[in-house]
Amino acid sequence: MIEHKDIVISGGGIAGLVAAAAFGDAGFDVLCVDPTHPVTNRDAAGADLRTTAYLQPGQAFLQAIGVWPLVTDCNAPLQVMRIVDAASPDLVSKDFDATDISDAPFGWNVGNWDMRDGLLSRIASLPNVVFEPGLSTTSTNTRSTEARITLSDGRLMSCKLLIAADGRDSAIRKAAGIAAKRSEFGQLALSFAVTHAMAHDNISTEVHKGGGPFTLVPLPDFECKPSSAVVWMDKILDIQAMQALSVDEFNAEITARSAGVLGPLSLITARTAWPIISQLASSFYSERTAFIAEAAHVVPPIGAQGLNLSLGDIKALLELAKASPSSIGELPMLKKYHQARRPIAQSRVIGVGALNRASKAEGPAATRVRALGLDVIHRIAPLRRALMHLGLGTR
Ligand SMILES: Cc1cc2nc3c(=O)[nH]c(=O)nc-3n(C[C@H](O)[C@H](O)[C@H](O)COP(=O)(O)OP(=O)(O)OC[C@H]3O[C@@H](n4cnc5c(N)ncnc54)[C@H](O)[C@@H]3O)c2cc1C
143 MIEHKDIVIS GGGIAGLVAA AAFGDAGFDV LCVDPTHPVT NRDAAGADLR
193 TTAYLQPGQA FLQAIGVWPL VTDCNAPLQV MRIVDAASPD LVSKDFDATD
243 ISDAPFGWNV GNWDMRDGLL SRIASLPNVV FEPGLSTTST NTRSTEARIT
293 LSDGRLMSCK LLIAADGRDS AIRKAAGIAA KRSEFGQLAL SFAVTHAMAH
343 DNISTEVHKG GGPFTLVPLP DFECKPSSAV VWMDKILDIQ AMQALSVDEF
393 NAEITARSAG VLGPLSLITA RTAWPIISQL ASSFYSERTA FIAEAAHVVP
443 PIGAQGLNLS LGDIKALLEL AKASPSSIGE LPMLKKYHQA RRPIAQSRVI
493 GVGALNRASK AEGPAATRVR ALGLDVIHRI APLRRALMHL GLGTR
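Numbering (the numbering used here), first residue to last: 143 to 537.
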């Protein structure tokens, strides 16, 4: 027997769960499957220790679909982006303040475990959305009128629109024969959280010294102490060496690497490493199928672009679906989605890749160019504001 849904979502990472909540909120019948069970506690085995800075447009979208009210207790606003070049002899530091362009902060930082918790609550409140962890999509077969999907428990589904949110190695994208261009950077990102003596004052600080940025992103206090999430990008072997250090040795290393901007840092979570790549699919659709989030594009974790870009994908697809609910998954809708989103993703893949190369570069010449570039961007107000808008995705 074939079960029918309006929409099947393959992948219940944060992007897949947001898509399930968004399309469910709009009244579509949705099934979302993922072989893994979402972990909603930071200290539990398998927790995704990353945090996500939801920039203004992404936060507004999560508000509109009823998810943001469920994470208001566990976010920290990002009012200022501070960029520090610690490789320069006299520590260059420049602040980019959200008040320069807006009344609101740039964004709000939420732990991925807390966001998963909020998303599961929102989905549980939508009777037309079913999320089944422990199940994967094993094969897909499309025709002009529908997509047919086999699940790992043998069930056969049909739907008007298949949303592939199955990550950077998307099996659905590969089965559809859609190529993806990948660049490797020879880096890992180490993700963990710390407490520190000094208050972060809602300032997100990116410390550059060659090898990749070391970014401290504000979190709510932990056990009455100021706390931040850290993403430390560096060469693969260097990050692996850091993972092997004792906690005391590691605390000394991260305090030095942060140039002491928040005083001594103390690790409060495990350390998880993520490979850094850029990737862009040649098409964001195939018959009856839309590719979203990392199934379509991957950028290095600089400037909080990755998942925010994915929220833009979901919003664009949802707007097209709401404009003509009876034609979801039809070719004209999918083409419009591709035309709206791929150029934006392409520009982010190129731009963030270039920022990463600039941050990775080592040696006196690279340091001079980086410091000069930072100074020019900061000093010329229209350029500074334009870049802030560009980073936020508000222009
Ligand atoms: C260190 C780090 C920090 C980051 N910080 C930020 C930030 O501050 N802001 C920001 O915007 N972005 C950030 N990002 C990017 C962001 O974390 C990613 O974009 C996001 O987590 C990817 O989500 P996703 O749902 O696309 O993919 P994934 O999380 O990879 O989810 C894909 C899901 O698909 C499932 N799946 C795979 N195969 C199947 C199948 N056959 N059937 C069903 N399900 C399947 C998998 O189990 C998985 O759960 C960061 C990334 C890193 C590495």
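Ideal Cβ placement from N, Cα and C applies to all residues, glycine included.
What you are looking at is a predicted structure, and each value in this text was computed from that prediction instead of being measured.
Assignment of T214 by DSSP, reduced to helix, strand and coil, places it in the helix class. The shortest CA-to-CA distance from S400 to any of R290, L358, I519 is the one to L358.
Apart from sequence neighbours up to five positions away, no residue of its chain approaches D390 with a beta-carbon distance below 8 angstroms. With a cutoff of 7 angstroms on beta-carbon distance, F426 and R490 are scored as not near each other. Excluding residues up to 5 positions away in sequence, S300 lie with their Cβ nearer than 6 angstroms to the Cβ of H146 in the same chain. No beta strand (DSSP E) of 3 residues or more sits fully in the stretch 451-520. In terms of Cα proximity to S312, the closest of A163, G169, D176 is D176. When C-alpha distances from R526 are compared across D148, R224, G155, the shortest belongs to R224.
Distances from the alpha-carbon of N251 to those of A229, G200, S286 put G200 closest. For E429, there is no enclosing alpha helix (DSSP H), since its DSSP letter is neither H nor E.
Here A465 is not near Y479, since their CB atoms are 7 angstroms or more apart. Taking non-hydrogen atoms of ligand 1 into account, the C-beta of S278 is found less than 6 angstroms away from one of them. Using a cutoff of 6 angstroms, the CB of L459 does not count as near ligand 1, since none of the ligand's heavy atoms is closer than that.
G158 carries a helical assignment under DSSP once its states are collapsed to helix, strand and coil. Secondary structure note for N344: it is in no alpha helix (DSSP H), with a DSSP letter that is neither H nor E. Residue burial annotation: V440 is buried, with at least 16 other C-beta atoms found within 10 angstroms of its C-beta.
In the three-state scheme derived from DSSP, where H, G and I count as helix and E and B as strand, I419 is classed as strand. Scanning the stretch 152-208 for uninterrupted beta strand (DSSP E) segments of 3 residues or longer gives 172-176, 193-197, listed from N- to C-terminal end.
Looking at the backbone, the Cα of D148 and that of L212 are separated by about 26 angstroms. Judged by the Cβ position, E436 qualifies as a neighbour of ligand 1 at the 6 angstroms threshold, a heavy atom of the ligand being closer than this. Membership of S263 in the alpha helix (DSSP H) is indicated by the continuous run 254-266.
Straight across, the Cα-Cα distance linking T282 with A289 is about 7 angstroms. Sequence-distant partners of M530 (beyond 5 residues in either direction) whose C-beta falls short of 7 angstroms from its own C-beta, in its chain, are F238, D242, I243.
S333 places its beta carbon less than 7 angstroms from that of R192. With 16 or more other Cβ atoms from the protein chains shown falling within 10 Å of its own Cβ, A240 counts as buried.
Following the DSSP letters along the chain, one finds E326 inside the beta strand (DSSP E) bounded by residues 322-338.
Inter-residue distance for G354 and T194 is about 19 angstroms (C-alpha atoms, whole angstroms).
Here A463 has I470 as same chain residues with Cβ atoms under 6 angstroms from its own Cβ, once five neighbours each way along the sequence are excluded. P360 has S370 as its beta-bridge partners, per DSSP. As the crow flies, the alpha-carbon of E429 is around 28 angstroms from that of Q447.
In this structure, DSSP gives N270 a state outside helix and strand, which the three-state scheme calls coil. Non-local C-beta neighbours of L173 in its own chain, meaning closer than 6 angstroms and more than five positions away in sequence, comprise K147, V150, V272, ordered along the chain.
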